Amino acid sequence: MILKRLIVFLFIITLGGSLIFFIFWDLPAPNKQIERNIDTNRLKTK
10 MILKRLIVFL FIITLGGSLI FFIFWDLPAP NKQIERNIDT NRLKTK
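What the sequence shown shows, in my numbering, is residues 10 to 55, in sequence order.
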């Protein structure tokens, strides 16, 4: 009985995970470039 519940539980998780994966697969990747101003002087000791 426990094995049957475990199989059903894993099946529901797999089905839900694949559904969420296919929903978010069509979303475009963000094209906005992230600007990072790295201060190179912070590594130098005064």
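No residue lacks a Cβ here, since even glycine has one placed at the ideal position from N, Cα and C. Keep in mind that this is a model prediction, so the values were computed, not measured.
Euclidean distance between Cα positions of residue i and residue j
| i | j | result |
| --- | --- | --- |
| L12 | L24 | 18 Å |
| G26 | M10 | 24 Å |
| D35 | L15 | 31 Å |
| F1 | L28 | The question about residue 1 has no answer, for the chain in this structure spans 10 to 55. |
| V17 | F31 | 21 Å |
Residue i, DSSP secondary structure in three states
| i | result |
| --- | --- |
| L28 | helix |
| L36 | coil |
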